[in-house]
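Undergrad: If you're matching them up, the sequences are chains U and X in order.
The numbering used here puts the first residue of the first sequence at 20, with every later residue one more than the last.
The numbering used here puts the first residue of the second sequence at 124, with every later residue one more than the last.
Input: one structure, supplied below.
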Amino acid sequence: MSFPYLSTIIFLPVIGAIVIALLPWANPRRIKLTAAAFTAVSFVLSLALFVMFDRSLTSPQFVEQASWIPAINVQYFLGLDGLSLPLLLLTTLLGFIAVFVSWKIDIRAKEYFAWLLVLETGILGVFCSLDLVLFFIFWEVEIIPMYLLISIWGTGRKEYSAMKFVLYTLTGSAMMLAGILLLYFQAGTFNMVTLAGLGLDSILSSLMATAIFFLIFIGYAVKLPVFPFHTWLPDAHTDAPTAVSLILAGVLIKMGGYGMLRVCVSIFPETAQHYAPLLIALAVIGILYGAAVTLRQTDLKRLIAYSSISHMGFVLLGIFALSQVSMAGATLQMVSHGLVTGLLFAMVGLVYEKTHERSIPKLGGLARQMPIIAVVFSVAGLAALGLPSTSGFAAEFLIFLGSFNSTMVPGIQVYTIVGILGVVLGAGYILWMLKRVFYGAPKEQYDGVPDADRREKIYTFALVAVIMFIGIYPRILTDIIKLGIQPILGGFYG
Amino acid sequence: MPAELVLAIFLLPFFSFAIISFVLRPFFNHRPLLSGYVTIAAIGISLVLSIWALIEVSGAPHHILQMPDYEWVVIGDTVIRIGVTVDALAVVMLIVVTSVSLMVQIYSLGYMKGDGGFCRYFAFMSLFTGSMLGLVLADNLLFLFLFWEGVGLCSYLLIGFWFHKPEAARAAMKAFLVTRLGDFGFLAAILLLYAKTGTFDIGELQNLALTGAIGGTVLTWAAIGVFSGAAGKSAQFPLHTWLPDAMEGPTPVSALIHAATMVAAGVYLVARMFPVFASSTTAITTVAIIGGFTAIFAASMGLVMNDIKRVLAYSTISQLGYMMLGLGTVGVGISTGYISLEHGLALGVAVGIFHLFTHAFFKSLLFLGAGSVSHATGTFDMREMGGLRKAMPWTFFTFLIASLSLAGIWPLAGFWSKEGILAASFHYVPVLFYLAIITVFMTAFYIFRVIFLTFGGEYRGTDQGSHGLHESPVVMLVPMVILAILAVVAGLLPINEFLGGESHSFFGALSHPLAWVSLVWAGGGIFLAYAIYGAKWLSAASLRQRFAPIHTLFSRKYWFDELYENLFLMRLLVNGIFAALHWFDDHIIDGAVNGIAGGTVAVGTVVRRLETGQLQAYGLAIFVGILAIVACVFIFS
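In structure tokens, the structure reads:
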């Protein structure tokens, strides 16, 4: 057996958490350096996997498989394919950056960084698991650190938001667990690769297939989130500390989109196709509704949070348009949105840290006082509104192209065109926000506020570089993503 | 010509942007002029390469240089390529963009001197020029769209260059959003065309349209979608409102936007896709009508503006309308059979682009002149100018040449290109010809109104200002003189013939009665301007009073800003529908969630009371329960 790369990447952060918790260091700087070291190694290893990844195989690579609970045939089964590799890379990158975003946290730093690292392990596990029980366990692991991170280190109505997040997620998970168990009792396995090859749509009664599909789907729909299950998101994002918002928007909600592709569509392609019109309608509603409500927000952080609802609508559209290009676009959009919105939250955090203000009407003219932050914020905003040469455009364009040309869903052209209107609204809320926060006459009370310091410059510039690089050369990811989409298509075209 | 050198035409300005942003601005900010020199060098080399390309294209078969393509994204059967092609149309545009941009950059060295954002200015200008050059060279719609949006971004950045001014920030946002509304149609059209043909390649799309492989409603919708993008960029009615506000940027930016980049992109796109437009009668008629209407509509607002840059802005919209009119009427001629397809396709492009070519020189010159004037007076309000011909002879003289060219006076550049458009509309769509000829009169009037108000009479500004009146520095005057020469001779260059249009001899053009009709109308406009603002035979004030309703209509810009921004955007959308959705989200959806949570707690509170912990109470409950069961058994058995 080869070196267990995936287990190492997944468990390094949690080992880091244990080290932080057990070692008798009270010095926050040491704690931060430890956290940075563990996440860095995880990131470098996942980069190595990106390089070593065989770009001709559609099946999972770096597989680790061992029997775990033989009585019910549960396995410790990890693997990486074209779908999970980009998300793994995104998670380890943002996990590493999250440490630096949290650099100024000194209150109960030990617990904070320990929980942050546990959170990363949970997310990484979800993206690598190929066994549904293992997948579900990792899925649940994330809830505890999230609850503590929001309710202790958050702002505003943090206890309310944390509780809301937990209740929503648990409700979704309960349904998903029911779905997974039903699936096991019907198919007799938790192995996701096997399940995808069974053709369960035609074996099971359509009622059973539909029931399982939607039970599992709801779990993901809450996470993504899909309209109308979205109201936890603005609260949680707004009240979480900056780094947690970054992880939450950057990778946590992507578990929903990933799950839909990996479980719902892969295992039940026909059911997915049957209900695609309904789900696409929800996607388009989410896009426009999310954008409309975003335009009304006056809290900077809440505005970015609401914009995620609109952007995740594009992901849902791409997934259930069920064409190769649209699903690849949806995956790319997940990565792109992770980088872009992660950066936006980091920038909001910087603005708030320097001005102690998040209310848009009270901000204004900041471009003079903090030029670097204004430039990076603007670039991130432009990527969010899908400007060409940023990853946002490449992803959205592939979604539109794939959806418009999809032969799987009747009437999808109309939905796609209506969805594109979301891009116009997106330009509206982003540019209006930039204008109100950064442009116009500088305000006296913000004279002398500092601009980004060296550490902040490094991580924000790094994210900008990645966003631009993917935008100019999207093949770096699409050549991998398409390998992951290939097996899913097998469910439709035989 | 090696492919690398063709790519260098648009990549050089991008390099210049990168060097300024990542090297000069951070490390050499104390020597800001360097960034200007780098920009000028990059665009200068691009100009030389463009001229080389022109020579190569002239000698190439069918006037086309094919260049290799690159695969941008490959997913299954879907292969998205990017690449460039150089043909006659592209090369003419390259010359326009690089030459005008070069003049503007040199002028900017003087105009922007001492501005705190000097480096940023030249970085954005490089990016702007590079994007426009890429747009012109792109051989497929997706690649074109990348640069299309890049051009839009750069106008946003440059219009909002002085971002601390609220009006500038507002105008920048407005420009981006209005053009993006048009781009929505463009993007939809790109998807539609791809869905029907499986290609983004412009050459292939042209062939498919001409051979009838795509046609009918699909083609019409696609063409209208493309035109909505073009109308947004070229500020055609009803998406015209952003351009007049765009003057909030530095004046040389306006010179570039109004002449060679941004607004030229829309006309270029229609010319580039002309075979597609010409294959749909509905689409091409739309182009012709919108163009003709915009020409006269915008000119009417130009008649009454007091801000010199606003007059020029409406003039640009009007002239762009002419270009669309030229393309549109020839296209209508093709679809109604008045002109053969082969001849018509070349003629339409030649008519439209020839005017774009000559207009680029005289309009950029007019803006540079306006900048020069404000450099001396510190204002753009013509009511505070007057008599500047004495203090600023060079500016006056070059401005006069550009104005005569704009008015279409023989033998200046504008005459030749405008004649082509008037002739096309006269032959193929006479109704639009009458609109166009009235516009000729209005054009001559408004531009000479500017001349008399700005340069004629006596200085009306503040007293202390009159001492400071001075001619602009040489670095600003040289580009103006070069552009003035081009505004004279550009019409005589064989561009029209190169693009496939008809040639005219120098004096032969005057043998055509149409030429005299337009010259008489233009002369009439100049004369009326002289009568009111030069000789003052007629009082401007009393005329304004007599035609008060019309004057108000024009000067309030037909209330389009109010209609769009106050009524539609703010009242209907943001504070109407979106506010309702916001309320729905907070109260109904989240209300339901909180309601479920609250309900659960409430039920718990009530049910909790039952659990009193008293054994007697439990015993009583058990006893009552047993009684009830027994009763049920008796009743139902």
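Every residue gets a Cβ at the ideal spot worked out from N, C-alpha and C, and that includes glycine.
Under a CB-based cut-off of 8 angstroms, is U:K476 close to chain X?
TA: Translated into the one-based positions of the first sequence, residue 476 of chain U becomes position 457. U:K476 does not count as touching chain X.
Undergrad: Should the region 368 to 381 of chain X be called in touch with the region 333 to 341 of chain X, which here means at least 3 C-beta pairs below 8 angstroms?
TA: They do not touch, by the three-pair rule.
Undergrad: Using a beta-carbon distance below 8 angstroms, is U:R315 in contact with chain X?
TA: In the first sequence, residue 315 of chain U corresponds to position 296, counting from 1. U:R315 counts as touching chain X.
Undergrad: Among the candidates X:G509, X:M428 and X:W539, whose CA atom is the shortest distance from the CA of X:F477?
TA: The count along the second sequence starts at 1 and reaches residue 477 of chain X at position 354. If we check each option's Cα against that of X:F477, X:W539 comes out closest.
Undergrad: Tell me whether the region 480 to 487 of chain X and the region 610 to 626 of chain X touch, counting them as touching only if at least three CB pairs, one residue from each stretch, are closer than 8 angstroms.
TA: The region 480 to 487 of chain X vs the region 610 to 626 of chain X: in contact.
Undergrad: Roughly how far, in whole angstroms, is the beta-carbon of X:A176 from the beta-carbon of X:L135, given that I think they are within contact range, below 8 angstroms?
TA: As a working note, residue 176 of chain X is residue 53 in the second sequence. As a working note, residue 135 of chain X is residue 12 in the second sequence. Their Cβ separation, rounded to whole angstroms, is 13 angstroms, which puts X:A176 and X:L135 out of contact at 8 angstroms.
Undergrad: Under 8 angstroms Cβ-Cβ, which residues of chain X neighbour U:V344?
TA: Counting from 1 along the first sequence, the entry for residue 344 of chain U is found at position 325. Residues of chain X passing the Cβ test: I198, G199 and T201.
Undergrad: I need the DSSP call for U:Y492, collapsed to helix, strand or coil.
TA: Along the first sequence, read from residue 1 onward, the residue named residue 492 of chain U stands at position 473. DSSP places U:Y492 in coil when its eight states are reduced to three.
Undergrad: Does DSSP put U:Q80 in a helix, in a strand, or in coil?
TA: By 1-based counting over the first sequence, the position of residue 80 of chain U is 61. Residue state, collapsed to three classes: strand.
Undergrad: For U:C283, is the classification buried or exposed, using 16 other Cβ atoms within 10 angstroms of its Cβ as the cut-off for buried?
TA: Walking along the first sequence from the start, residue 283 of chain U turns up at place 264. That one is buried.
Undergrad: Using a Cβ-Cβ cutoff of less than 7 angstroms, which residues in the same chain neighbour U:E376 once the five nearest sequence positions on both sides are dropped?
TA: If you number the first sequence from 1, residue 376 of chain U lands on position 357. Once the five neighbours on either side are set aside, the close Cβ partners of U:E376 are L382.
Undergrad: Does the beta carbon of X:V716 come closer than 8 angstroms to any beta carbon on chain U?
TA: Here residue 716 of chain X refers to the residue found at position 593 of the second sequence. By this cut-off, X:V716 is an interface position.
Undergrad: Count the other C-beta atoms from every protein chain shown that fall within 10 angstroms of the C-beta of X:M296, then say buried if there are 16 or more, exposed otherwise.
TA: Against the second sequence, residue 296 of chain X aligns to sequence position 173. Result: buried.
Undergrad: Within 8 angstroms (strictly less), CB to CB, does X:D708 reach chain U?
TA: Residue numbering aside, residue 708 of chain X sits at position 585 when the second sequence is read from its first letter. True, the Cβ-Cβ gap to chain U drops below 8 angstroms.
Undergrad: Give me the residue from X:L260, X:F270, X:S249 and X:A473 with the minimum Cα distance to X:L379.
TA: Taking the first residue of the second sequence as 1, we reach residue 379 of chain X at position 256. Nearest option by C-alpha distance: X:S249.
Undergrad: Alpha carbon to alpha carbon, what distance is there between U:P407 and X:G388?
TA: Reading the second sequence from its first residue, position 265 is the one you call residue 388 of chain X. Reading the first sequence from its first residue, position 388 is the one you call residue 407 of chain U. According to the sequence provided, residue 388 of chain X is Ala. The question's Gly does not apply to it. Each residue's alpha carbon lies about 17 angstroms from the other.
Undergrad: Please give me, in chain order, every unbroken run of the beta strand (DSSP E) with length at least 3 that falls completely inside the region 348 to 409 of chain X.
TA: Segments of the beta strand (DSSP E) lying fully in the region 348 to 409 of chain X: there are none.
Undergrad: When you check each C-beta in the region 251 to 269 of chain X against every C-beta of chain U, which residues fall closer than 8 angstroms?
TA: Listed by position, the residues of the region 251 to 269 of chain X near chain U (Cβ gap below 8 angstroms) are L265, F268 and L269.
Undergrad: Check each candidate in X:L676, X:L232 and X:I574 and name the one with the smallest Cα separation from X:G510.
TA: The count along the second sequence starts at 1 and reaches residue 510 of chain X at position 387. It is X:I574 whose Cα lies nearest to the Cα of X:G510.
Undergrad: Which two residues bound the contiguous alpha helix (DSSP H) that contains X:D764?
TA: Residue 764 of chain X cannot be examined here, being either before or after the span of chain X that is shown, 124 to 760.
Undergrad: Within the 8 angstroms Cβ cut-off, does U:S170 reach chain X?
TA: Within the first sequence, the letter at position 151 stands for residue 170 of chain U. Taking Cβ atoms only, chain X never reaches closer than 8 angstroms to U:S170, which makes this a no.
Undergrad: How would you list, in chain order, the residues of chain X whose beta-carbon sits under 7 angstroms from the beta-carbon of U:L461?
TA: As a first step, residue 461 of chain U is located in the first sequence; it is residue number 442 there, counting from the start. The sequence as given places Pro at residue 461 of chain U; Leu does not occur at that position. H287, listed in chain order.
Undergrad: Do the region 197 to 209 of chain X and the region 220 to 234 of chain X make contact, defined as three or more Cβ pairs closer than 8 angstroms?
TA: At 8 angstroms Cβ cutoff, the stretches do not touch.
Undergrad: Use the C-beta contact count for U:C147: other C-beta atoms within 10 angstroms, 16 or more gives buried, fewer gives exposed.
TA: Residue numbering aside, residue 147 of chain U sits at position 128 when the first sequence is read from its first letter. Buried: at least 16 other Cβ atoms inside 10 Å.
Undergrad: Tell whether a beta-carbon distance below 8 angstroms holds between X:Y653 and X:A663.
TA: Counting from one through the second sequence, the residue named residue 653 of chain X turns up at place 530. Counting from one through the second sequence, the residue named residue 663 of chain X turns up at place 540. Contact: no.
Undergrad: May I ask you to report which of helix, strand or coil DSSP gives U:T426?
TA: As a first step, residue 426 of chain U is located in the first sequence; it is residue number 407 there, counting from the start. Coil at U:T426, not helix or strand.
Undergrad: Return the bridge partner residues of X:L202 from the DSSP annotation.
TA: Within the second sequence, residue 202 of chain X is the residue found at index 79, counting from 1. What sits at residue 202 of chain X in the sequence shown is Val, not Leu. Beta-bridge pairing links X:V202 to X:V197.
Undergrad: Are the region 579 to 586 of chain X and the region 487 to 498 of chain X touching, with three or more C-beta to C-beta distances below 8 angstroms?
TA: No: fewer than three Cβ pairs fall under 8 angstroms.
Undergrad: Whose Cβ in chain U lies nearer than 7 angstroms to the Cβ of X:G283?
TA: As a first step, residue 283 of chain X must be located in the second sequence, where it is residue number 160. Neighbours of X:G283 on chain U, chain order: Y458.
Undergrad: At a Cβ threshold of 8 angstroms, is X:Y317 touching chain U?
TA: Translated into positions along the second sequence, residue 317 of chain X becomes position 194. Yes, its Cβ sits closer than 8 angstroms to a Cβ of chain U.
Undergrad: Ignore the nearest five residues each way along the sequence and tell me which others in X:S158's own chain have a CB closer than 6 angstroms to its CB.
TA: Counting from 1 along the second sequence, the entry for residue 158 of chain X is found at position 35. So the list reads I143, L147, C242 and F245, once near-sequence residues are dropped.
Undergrad: Among all the DSSP beta bridges, which residues are the ones paired with X:D324?
TA: Position 201 of the second sequence, counting from 1, holds the residue named residue 324 of chain X. BP columns for X:D324 point to X:N263.
Undergrad: Is any beta-carbon of chain U found at less than 8 angstroms from that of X:G273?
TA: Within the second sequence, numbered from 1, the residue matching residue 273 of chain X stands at position 150. Yes, X:G273 lies at the interface with chain U (some Cβ there is under 8 angstroms from its Cβ).
Undergrad: Measuring CA to CA, which of U:L401, U:L314 and U:K476 is closest to X:W706?
TA: By 1-based counting over the second sequence, the position of residue 706 of chain X is 583. When each option's Cα is compared against that of X:W706, the closest is U:L314.
Undergrad: When the Cα atoms are used, what is the spatial distance from U:F246 to X:L555?
TA: Walking along the first sequence from the start, residue 246 of chain U turns up at place 227. Walking along the second sequence from the start, residue 555 of chain X turns up at place 432. Rounded to whole angstroms, U:F246 to X:L555 spans 50 angstroms at the Cα level.
Undergrad: Going by the CB atoms, is the gap between U:F72 and U:I499 shorter than 8 angstroms?
TA: As a first step, residue 499 of chain U is located in the first sequence; it is residue number 480 there, counting from the start. As a first step, residue 72 of chain U is located in the first sequence; it is residue number 53 there, counting from the start. Taking 8 angstroms as the Cβ cut-off, U:I499 and U:F72 qualify as a contacting pair.
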